[in-house]
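Worksheet for the structure shown next.
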Amino acid sequence: AQRVTQPEKLLSVFKGAPVELKCNYSYSGSPELFWYVQYSRQRLQLLLRHISRESIKGFTADLNKGETSFHLKKPFAQEEDSAMYYCALQRAGSYQLTFGKGTKLSVIP
Amino acid sequence: DAGVIQSPRHEVTEMGQEVTLRCKPISGHDYLFWYRQTMMRGLELLIYFNNNVPIDDSGMPEDRFSAKMPNASFSTLKIQPSEPRDSAVYFCASSLSRELFFGEGSRLTVL
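Protein chains in written order, with the numbering used here: chain A, 2 to 110; chain B, 70 to 180.
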């Protein structure tokens with residue numbers, strides 16, 4: 002069975018500091034990895050996916066199959082980045098998403 | 070499109086009562102998912118449907134939980150009888166591709 006681990010429940014950084022939200026996964030096949038975000042009073046929504054290899058709102062994430070990780074990074078945190086972030090895994094051939102427990106990012110002004 | 074619509078947004082009930090949560094997916098989406106969110110366990114997939122057919126219900130906790138999708142625009146999640154440990158936020162999500170679109174959730178409190 003697949004598993005997604007986000008080791009930090011809460012991460013606090015100062016505005017302008019770099020951010021790294023950790024995500025590790027266990028899955029024997031080739032997964033698709035995603036980051037979803039939930040801003041205060043908003044719906045859970047897709048932030049980015051590994052196959053698109055794009056930067057969204059300054060965030061990037063690289064899939065490292067050797068380390069089975071998909072860490073989310075941003076060089077300079079902004080106050081509006083404060084939110085709950087969830088890493089999620091999708092098995093090959095399936096639409097089912099397995100989520101980590103989430104990391105709450107707090108950006109201090 | 071208003072997105073995925075869930076009702077009720079909040080429900081407070083007493084142990085033993087029946088609870089029905091409702092979901093209207095985005096028009097044209099052929100996948101529908103029910104998730105439960107708790108502090109302890111995070112987001113757990115309960116069941117999902119493809120073209121109104123249940124595909125995987127292995128996440129449904131026990132027989133007290135049931136879900137239906139009678140047509141492409143409506144799904145229900147029913148808990149009967151409800152218990153305090155069922156207190157959680159229940160999310161519905163729909164999908165046409167790999168991206169899931171979530172509703173605002175139904176916060177259930179069972180006293």
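Note that beta-carbon positions come from the ideal geometry of N, C-alpha and C, so glycine has one too.
Predicted, not measured: the structure shown is a model, and the values here were computed from it.
Query: Exposure label - B/L180; buried when at least 16 CB within 10 Å; Result: exposed
Query: C-beta contact flag for B/V73 and B/Q106 at 9 angstroms; Result: no
Query: Three-state secondary structure assigned by DSSP to B/E80; Result: strand
Query: Which of helix, strand or coil DSSP assigns to B/R110; Result: coil
Query: Local Cβ density within 10 Å of B/V81, reported as buried at 16 or more and exposed below that; Result: exposed
Query: Cβ neighbours of A/S27 in the same chain (closer than 7 angstroms, five flanking residues each side left out); Result: Q3, R4 and T69
Query: Contact under 9 angstroms by Cβ, A/L34 with A/A89; Result: yes
Query: A/C88, enclosing beta strand (DSSP E) - first and last residue; Result: A84 to Q91
Query: 8 angstroms Cβ cut-off: residues of chain B touching A/E33; Result: R167
Query: Buried or exposed (CB count within 10 angstroms, at least 16 for buried), B/F102; Result: buried
Query: Cβ-Cβ distance between A/G17 and A/A78 below 9 angstroms; Result: yes
Query: Cutoff 9 angstroms: B/Y100 Cβ touching any chain A Cβ; Result: yes
Query: Residue(s) in a DSSP beta bridge with A/T69; Result: In DSSP, A/T69 forms no bridge with anything.
Query: DSSP-derived helix/strand/coil call for A/S53; Result: helix
Query: Cβ shell of B/C92 (< 6 angstroms), same chain only, five flanking positions each side left out; Result: Q75, S144 and C161
Query: Cβ distance (whole Å) where A/Q97 is taken to contact B/L114 below 8 angstroms; Result: 6 angstroms
Query: Beta-carbon proximity list for B/E173, same chain, < 7 angstroms, skipping 5 on both sides; Result: Q75 and R78
Query: Coarse secondary structure for A/E81, derived from DSSP in three states; Result: helix
Query: Close Cβ partners of A/Y37 (< 7 angstroms) along its chain, the five nearest in sequence each way excluded; Result: L45, Q46, L47, L48, Y87 and A89
Query: Three-state class that DSSP yields for B/P94 in the structure shown; Result: coil
Query: Contact under 9 angstroms by Cβ, A/P32 with A/E80; Result: no
Query: Spatially closest choice to A/S56 from A/G67, A/T99, A/Q43 and A/L73, by CA coordinates; Result: A/L73
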